[in-house]
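Participant: For reference, the structure I am asking about is given below.
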Amino acid sequence: MTMASAPLGVVMLCHTALNRAAQVARFWLDAGCPVVIHVDRAVSAPALQGLQADIGPHPLLRFSPRHRCEWGSWQIVAATQDASAVLLDSFPEVNHVLLTSGACLPLRPVAEMVAYVQQNPQVDFIESVSVEHATWIMGGLSEERFTLHFPFNWRRQRALFDWFVEVQRKLNIRREIPRPLRPHMGSQWWCLTRATLSAMLGDPKRKRYERYFRRNWIPDESYFQTLARLHSAQIQSRSLTLVKFDRNGRPNLFYDDHLQLLRRSDCFMARKIWPDAARLYDFFLSDLAQKTPPLPPEPAKIDRYFELAEQQRREGRAGLYMQSRIPKEDSASAKTAGPYAVFSGFDHMFENFDYWLGQVSGTRAHGHLFAPQIVQFHGGAKVWHGALSNSAAIRDYNPRMFLTNLLWATRGERQCFAYGPEDNMDHEVNWFMATDPNAEINIIRGAWLLPLWRHGAVTQEVIAQIGVLQKREQDWLTVLQSRWGLAKLRVWSVADIVQNPQDTVFEAVRDSASAPALQAHGLPPLKPLDGFDQFLAQLRDQGLPTQVLKDLQV
Amino acid sequence: MFTPLPHMTNRWFEFRMRWKRRRLRLRAIAKSRELTCVRRGQWGKQDILLFCTLRNEAERIDWFLHHYRRLGVQHFIFIDNGSTDGTRETILAQPDTTVYATQASYKHARFGMDWVTWLMLRHGNGHWCVVADADELLIYPHWHSRPLSALTGWLEGERQVAMPAMMLELYPKGPLDAATCLPGADPCATLNWFDAANYTITHKPLLDCLLIQGGPRARCFFTDSPNRAPTLTKLPLIKWSWHNAWVNSTHSILPRALNRSFATCGGEQISGVLLHTKFMATVVEKSRIEKARAQHFGNAPVFDQYYDAVARAPDLWCPTSTRLEGWQQLEELGLISRGGWA
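Below is the structure:
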């Protein structure tokens with residue numbers, strides 16, 4: 001009592017990792033700040049003695065009456081009230097009371113914090129948001145916290161809790177909020193002035209308010225926040241403690257590797273620290289923090305870091321199929337990692353179409369990736385990015401994942417490849433591409449007939465093969481033109497190309513190639529088609545139905 | 001792409017697998033006769049245990065112990081299947097090991113899984129357990145700065161009881177027999193290349209697990225029959241309960257729900273990788289021995305071809321192989337994910 005204390009007192013609510021709590025308490029005490037520790041009643045007597053021994057006797061240290069603080073229970077408020085009362089009564093010099101937990105860690109030197117509160121002697125730092133505007137609440141009720149009864153524990157009696165909320169909603173039960181309170185909520189961790197806190201503790205209607213808040217849900221986030229609006233002269237509605245909540249409404253833990261992030265915080269405290277994060281405790285509780293040059297505060301960077309992680313957990317990375325992400329067919333995210341273009345039949349109509357396509361689009365255009373014998377990667381490569389093999393057997397083992405792997409491994413680079421009925425067409429792949437908005441599919445119908453014609457004589461095998469290919473093309477177009485189709489689809493006939501090669505080809509590569517490149521390179525030369533008519537006539541005479549051949553007329 | 005099962009089919013599979021699980025557990029208990037305890041250590045209630053079946057791993061065991069101690073494994077439980085190269089002496093000399101020995105057939109114990117299931121039933125209940133072979137090194141997001149206890153604590157908060165970590169096969173640049181690695185040295189210094197994106201994933205509805213295949217072995221040795229390529233799915237980190245039974249190596253487990261360690265809503269769950277250091281120089285010699293012992297795969301001729309191919313010390317490296325840099329790189333490549341563990 002003889003020792004003069006700083007104007008900042010600290011209330012610590014502890015229940016686990018008591019060694020760390022002791023370390024932080026010593027840090028405050030050494031700097032002359034009075035500390036009142038509340039130890040949860042569930043903590044065993046030896047553990048409590050260990051804590052007391054750890055800190056050692058100190059004139060600025062007090063222990064407050066113990067409560068059993070379950071998550072979200074009234075007992076947390078009661079414990080805070082008792083501890084605050086002890087602090088205010090024992091240390092008359094204290095003007096600000098900082099509420100912390102045993103897992104909080106000071107991020108700045110005490111002197112800096114004391115100076116800060118001394119500059120703002122009248123200000124209460126408490127996040128206090130009116131419930132009508134509280135849209136930030138993670139997974140829970142907002143206004144109903146104040147108007148329903150909550151006799152059941154959310155963590156232990158979840159089913160009963162949910163049932164009782166439903167019943168009250170059905171029966172339209174609403175509790176009356178004691179006047180003149182206006183419900184506010186906010187972070188549990190605050191820093192209040194002596195004046196405000198004494199007014200709250202000495203409020204003539206305190207019994208009535210307590211009766212009301214006792215049946216609220218998570219009163220530790222609303223009791224002080226609501227009463228502060230009643231008693232405070234000046235509120236800065238922000239918490240001095242940095243807490244990042246995850247999607248379940250639990251605080252994210254800070255580990256050793258967060259050190260550089262925490263140094264950029266503009267808060268004075270951080271919660272919640274993993275107890276074994278020795279590097280964090282060593283850094284912030286020693287003079288290391290003062291010795292290293294300070295970093296400019298960038299709280300947005302911390303927010304961004306946690307938001308990105310949350311986004312990755314919730315939405316994942318588009319087009320990625322991996323051991324811990326296998327999206328359902330109807331999930332919202334994109335099916336592939338980036339846009340790609342498919343050309344069917346162009347290489348049969350034009351000389352060196354792949355090469356030309358590569359030139360005008362500036363990409364490495366592949367040949368027939370799904371060719372029956374081998375995967376025709378650009379330039380005849382044996383392996384492509386991500387060590388994708390050119391073995392047709394490996395590709396055909398899972399052709400859809402072959403495609404998604406290729407697109408994932410080459411993300412950032414547009415993929416163009418040839419695909420058509422003459423390839424190993426897989427029904428699943430056809431559907432996959434047809435329903436993928438990233439796909440752009442350009443088809444010259446019937447162009448697959450040209451290699452057969454160039455190959456030579458019309459035999460029975462050729463006729464049979466034509467029937468098969470025709471059927472495949474039909475099936476493919478049916479899939480592409482179905483009402484589920486999302487791919488960008490362009491279809492021409494051989495005759496369209498012959499009549500107007502430039503417009504059709506430029507239209508086909510419009511998204512892949514730039515206009516100047518097209519200007520510079522012009523059109524690839526058309527392969528000669530002399531005698532194709534006779535070939536078709538021959539086919540007709542061999543007995544192929546005319547409606548099949550009709551589409552192919554040049 | 002994941003397709004959910006019809007409800008009744010799911011129930012039927014659930015029923016079938018329940019009986020399979022009971023059968024496997026009984027089998028494991030019966031196989032306990034084959035194990036003799038050589039050294040029994042002590043461990044605490046909260047400790048993270050590691051279970052490992054091994055045979056002649058002298059050149060790997062030192063780094064293996066070092067790696068997992070660094071991750072915070074508190075006790076190792078080894079099953080020594082007849083080592084003759086001093087591995088047994090090494091593991092007996094450690095302060096934190098329990099050693100069981102057996103001379104029985106690895107293959108007849110379902111490739112060691114009966115033994116592991118039995119020892120986990122006996123010692124693992126309620127513990128977080130790592131199950132890894134001597135050539136498998138577990139890494140996961142933030143593993144440099146956060147030990148396993150941080151990970152398991154977070155997983156408990158997420159109510160997730162198993163973390164997947166597929167095998168990532170490492171290989172050297174150049175012929176396999178040139179990649180010598182001294183005992184006690186980091187094998188990843190020599191074996192520092194891997195395949196980044198040639199893995200195929202199939203969902204197996206009966207076990208509700210994933211079948212991941214691919215990697216250098218599929219690319220080089222199974223080009224004609226990729227369906228026979230080794231399975232890479234693994235669940236090496238699990239909070240064990242005496243209800244559980246390993247089905248097919250640590251690729252899949254029962255009850256079925258434990259295999260569902262992947263997100264189907266479009267998001268990502270947490271995952272790591274097991275760095276597979278099989279392709280050290282000694283693999284060339286070992287593959288001749290293993291072919292003769294015939295303890296590892298079924299007896300299909302395709303595996304003989306595989307052993308022969310390895311015995312010729314091929315070069316698994318290709319121009320698009322990726323050099324191993326660290327977990328951040330693996331996450332960027334989409335092989336692992338932090339899954340919200342920021």
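Residue numbers (full-length UniProt numbering), protein chains in the order written: chain A, 1 to 554; chain B, 1 to 342.
Every residue gets a Cβ at the ideal spot worked out from N, C-alpha and C, and that includes glycine.
(1) Closer than 7 Å between beta carbons: that is the criterion. Which residues of the segment 309-329 of chain A meet it against chain B?
(2) Which bits of chain B does A:Phe306 rub up against, with CB to CB less than 7 Å?
(3) Between the C-alpha atoms of A:Phe152 and B:Lys278, what's the straight-line distance to the nearest angstrom?
(4) Just verifying my parser: in three-state terms, what is the DSSP assignment at B:Asn81?
(5) Taking a Cβ distance cut-off of 8 Å, strictly less, list which residues of the segment 249-274 of chain A are near chain B, in chain order.
(6) Quick one, which of A:Glu221, A:Leu181, A:Gly56 and A:Leu160 has its alpha-carbon nearest A:Trp189's?
(7) Using 7 Å as the limit for Cβ to Cβ distance, is A:Ser333 near chain B?
(8) Counting along the chain, where does the beta strand (DSSP E) carrying A:Trp492 start and finish?
(9) Buried or exposed, going by whether 16 or more other CB atoms sit within 10 Å of the CB of A:Lys335?
(10) For the candidate residues A:Leu201, A:Arg211, A:Ala199 and A:Arg155, whose alpha-carbon lies nearest to that of A:Pro178?
(11) Figure out for me which residue from B:Ala109, B:Trp154 and B:Lys20 has the closest Cα to the Cα of B:Gly340.
(12) DSSP on B:Glu169, reduced to helix/strand/coil?
(13) Taking beta-carbon pairs under 7 Å, can you tell me which members of the segment 469-496 of chain A lie near chain B?
(14) Are the C-beta of A:Met1 and some C-beta of chain B separated by less than 7 Å?
(15) Would you mind sorting A:Thr459 into buried or exposed? The rule is 16 or more other CB atoms within 10 Å of its CB.
(16) Given that a residue counts as buried once 16 or more other Cβ atoms are within 10 Å of its Cβ, and exposed if not, what is A:Trp163?
(17) Pull the bridge partners of B:Cys271 from the DSSP assignment, please.
(18) How about B:Glu57 and B:Ala134: are their beta carbons less than 7 Å apart?
(19) Between which two residues does the alpha helix (DSSP H) containing A:Gly9 stretch?
(20) Tell me the DSSP secondary structure of A:Leu544 in three-state form.
(21) With hydrogens ignored, establish whether the beta-carbon of B:Thr264 is closer than 6 Å to any heavy atom of the ligand NAP.
(22) My understanding is that A:Gln373 touches A:Ala393, with C-beta atoms under 8 Å, so please give their C-beta distance in whole angstroms.
(23) Give me the subset of the segment 256-270 of chain B whose CB atoms are less than 7 Å from a CB atom of chain A, sorted by chain position.
(24) Counting only Cβ pairs nearer than 7 Å, list the residues of chain A close to B:Thr320.
(25) Could you tell me how far apart the beta carbons of A:Phe343 and A:Ala508 are, in whole angstroms, since I believe they sit closer than 8 Å?
(26) Are the segment 325-342 of chain B and the segment 321-338 of chain A touching, with three or more C-beta to C-beta distances below 8 Å?
(27) For B:Leu220, does the three-state DSSP call read helix, strand or coil?
(28) Quick check on B:Arg11: buried or exposed, where buried means 16 or more other Cβ atoms within 10 Å of its Cβ?
(29) Thinking just about the alpha-carbon of each residue, which of A:Ala289, A:Asn430 and A:Pro293 is nearest to the one in A:Glu473?
(30) State the CB to CB distance for the pair A:Leu60 and A:Val35, rounded to an integer number of angstroms; the pair is presumed to be in contact (CB under 8 Å).
(31) Taking only beta-carbon atoms, is B:Pro175 less than 7 Å away from chain A?
(32) Where are the beta strand (DSSP E) runs, 3 residues long or more, that stay fully inside the segment 44-72 of chain B, in chain order?
(33) Any C-beta of chain B within less than 7 Å: which residues of the segment 430-446 of chain A qualify?
(34) Between the Cα of A:Gln225 and the Cα atoms of A:Glu315, A:Leu259 and A:Val131, which residue gives the shortest distance?
(35) Alpha carbon to alpha carbon, what distance is there between A:Ala418 and A:Asp523?
Facilitator: To lay it out plainly:
(1) Cβ contacts with chain B come from Ala309, Glu310, Gln312, Arg313, Arg314, Glu315, Gly316, Arg317, Leu320, Tyr321, Met322, Gln323, Ser324, Arg325, Ile326, Pro327, Lys328 and Glu329.
(2) Ala342
(3) 55 Å
(4) coil
(5) Arg250, Asn252, Leu253, Tyr255, Asp256, Asp257 and Trp274
(6) A:Glu221
(7) yes
(8) Lys488 to Ser493
(9) Buried, because 16 or more other Cβ atoms sit within 10 Å of the Cβ of A:Lys335.
(10) Nearest of A:Leu201, A:Arg211, A:Ala199 and A:Arg155 to A:Pro178, Cα basis: A:Arg211.
(11) B:Trp154
(12) strand
(13) Taking 7 Å as the Cβ-Cβ cut-off against chain B, none of the residues of the segment 469-496 of chain A qualify.
(14) Interpretation of A:Met1 is limited by its pLDDT of 44, a score under 50 that renders its predicted location unreliable; no figure is taken from the coordinates.
(15) Classification for A:Thr459: exposed.
(16) So A:Trp163 counts as exposed.
(17) Before going on, a small fix: residue 271 of chain B reads as Ser here, not Cys. Looking at the DSSP assignment, B:Ser271 forms a beta bridge with B:Ser337.
(18) yes
(19) From DSSP, A:Gly9 is part of no alpha helix (DSSP H) but of the beta strand (DSSP E) over Leu8 to Cys14.
(20) coil
(21) Within the structure as shown, the ligand NAP is missing, as the structure has no ligands at all.
(22) A:Gln373 to A:Ala393, Cβ: 10 Å. No contact.
(23) Ser261, Phe262, Ala263, Thr264, Cys265, Gly266, Gly267, Glu268, Gln269 and Ile270
(24) Val383, Trp384, His385, Gly386 and Ala387
(25) At roughly 7 Å, the Cβ-Cβ gap stays under 8 Å, so A:Phe343 and A:Ala508 are in contact.
(26) yes
(27) Before going on, a small fix: residue 220 of chain B reads as Cys here, not Leu. Helix, per DSSP.
(28) exposed
(29) A:Asn430
(30) Contact flag correct, Cβ pair sits at about 6 Å.
(31) no
(32) Runs found: 49-54.
(33) none
(34) Of A:Glu315, A:Leu259 and A:Val131, the residue nearest in Cα terms is A:Val131.
(35) It is worth fixing the name first, because residue 523 of chain A is Leu in this sequence and not Asp. When only Cα atoms are considered, A:Leu523 and A:Ala418 end up about 18 Å apart.
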